[in-house]
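Q:
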Amino acid sequence: MMATQTAQRSPKLVNNIQNILESGELVIVPTEVSYIIVAHAFKPRAIRKIAQLKRWNAPQPLVLLTRREKVEEFGVVSAASQKLINHFPYPITLIIPKKNTIPDTITAQHSALFISCPDEFIYNLVAQIPFPMVCTTAGFSDEYKARKYRTAIELFDGQVPLIVDGGDCKYDSKGTLIDCTLPTPTILNFGTVSVDDLRSILPEIELPSHLRK
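Using the UniProt record's numbering, the letters of the sequence shown map in sequence onto residues 1 to 213.
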C-alpha cells in the first residue's frame with residue numbers, strides 16, 4: 001500500500017500531476033460528472049495498473065482526454081463530430097474512428113476511440129501536459145462510482161499517489177455518450193446533456209433504435 005497525497009483542485013497541481021503520470025503512476029481527479037482515474041496514454045505499465053485497480057477480468061476501452069485542436073492527432077473527425085467537439089469542454093463522450101497513433105491497449109483492440117473533455121479543469125490540464133492522457137471512471141459500476149471526494153478516498157486511498165479534491169461533482173449523472181462512427185451520430189446513453197441540447201448543435205443526431213418513435 002502506498003501513501004496517497006491529497007490536494008485541492010488548482011492550476012498549480014499541473015506539474016505534480018505531470019510528474020506522477022510520467023513515472024507510470026495514476027492520479028484521480030474530479031470532473032463535473034465523476035472522479036476519474038488518469039494515466040499517461042503511452043505508459044503500458046500505467047494502463048495495466050488501471051486494469052488492476054478496476055479489477056477488470058478483460059481489457060476495457062479507456063477514454064482519451066483531449067481538446068478541439070488535438071483530436072485529429074488520434075482520431076478521424078467527421079464534419080458532424082467536429083460540431084460536437086467544437087463545444088468542448090462539454091460533459092459528453094464521443095466515439096470516433098481511431099488512428100494508428102493511439103495504442104490498441106487504449107481501445108481494447110477496437111477500431112474506435114472514446115474521447116472526452118468534460119470541463120474547464122480537464123481542458124486546461126490537456127493544454128499544459130505534453131503527452132496524451134487517458135482515463136476511466138473512479139469506481140466499480142455506475143451505481144458505485146466516486147462523485148464525491150470522500151467516496152474517492154474511501155475507494156482508492158493507498159492505491160494511487162494523488163487524489164485531487166474537487167468536492168462534490170456538479171452533476172449527479174454520467175456524461176452523455178454519442179457514437180460518431182455511425183453514418184448519423186447516435187446517442188447511446190443519456191446523461192447530463194439532453195437530447196434537445198444536442199439537437200441545437202447537431203439537428204440530425206439520432207436516438208437509439210429502441211427509443212425512436
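Note that the Cβ used here is the ideal one computed from N, Cα and C, for glycine as well.
#1: With a 10 Å radius around its C-beta and 16 neighbouring C-beta atoms as the bar for buried, classify D119 as buried or exposed.
#2: Less than 7 Å between the beta carbons of V164 and V38, yes or no?
#3: Measure the C-alpha to C-alpha separation of residue 218 and W56 and round it to an integer number of angstroms.
#4: Where G75 and P183 are concerned, what is the direct C-alpha to C-alpha distance, given to the nearest angstrom?
#5: Relative to the C-alpha of T186, which candidate in L207, L202 and V193 has its C-alpha closest?
#6: Helix, strand or coil: how does DSSP classify S81 here?
#7: How is Y35 classed by DSSP in three states: helix, strand or coil?
#8: Put V134 into one of helix, strand or coil per three-state DSSP.
#9: Terminal residues of the continuous beta strand (DSSP E) containing I20?
#10: Since S34 contacts C169 with CB under 8 Å, what's their CB separation in whole angstroms?
#11: Please work out which residues of its chain come closer than 6 Å, Cβ to Cβ, to K54, disregarding the five sequence neighbours upstream and downstream, and give them in chain order.
#12: Taking only three categories from DSSP, how would you classify L26?
#13: Would you tell me roughly how many angstroms separate the C-alpha atoms of M133 and Q52, rounded to the nearest one?
#14: Tell me whether N124 sits in a helix, a strand or coil according to DSSP, three-state version.
#15: Could you say if the stretch 97-106 and the stretch 71-85 meet the contact criterion of at least three C-beta pairs nearer than 8 Å?
#16: Only counting the same chain, and skipping five residues up and downstream in sequence, which positions put a Cβ closer than 7 Å to that of S111?
#17: Here's the rule: buried if 16 or more other CB atoms are within 10 angstroms of the residue's CB, otherwise exposed. What is F114?
#18: Of the residues E69, L26, F42 and S141, which one's Cα is nearest the Cα of T105?
A: Let's see:
#1: buried
#2: Inclusion of V164 and V38 in the CB contact set at 7 Å is not warranted, their separation being larger than that value.
#3: Lying outside 1 to 213, the shown extent of the chain, residue 218 is not represented and no answer is given.
#4: Straight-line Cα distance between these residues: approximately 16 Å.
#5: The candidate whose alpha carbon is nearest that of T186 is L207.
#6: helix
#7: Strand at Y35.
#8: strand
#9: Element bounds for I20: not the beta strand (DSSP E) but the alpha helix (DSSP H), V14 to E22.
#10: With 8 Å as the limit, S34 and C169 qualify as a contact, their Cβ atoms being about 6 Å apart.
#11: none
#12: coil
#13: In this structure, the alpha-carbon of M133 lies about 18 Å from that of Q52.
#14: helix
#15: yes
#16: P97 and K98
#17: buried
#18: The alpha carbon of T105 has as its nearest neighbour, out of E69, L26, F42 and S141, the alpha carbon of F42.
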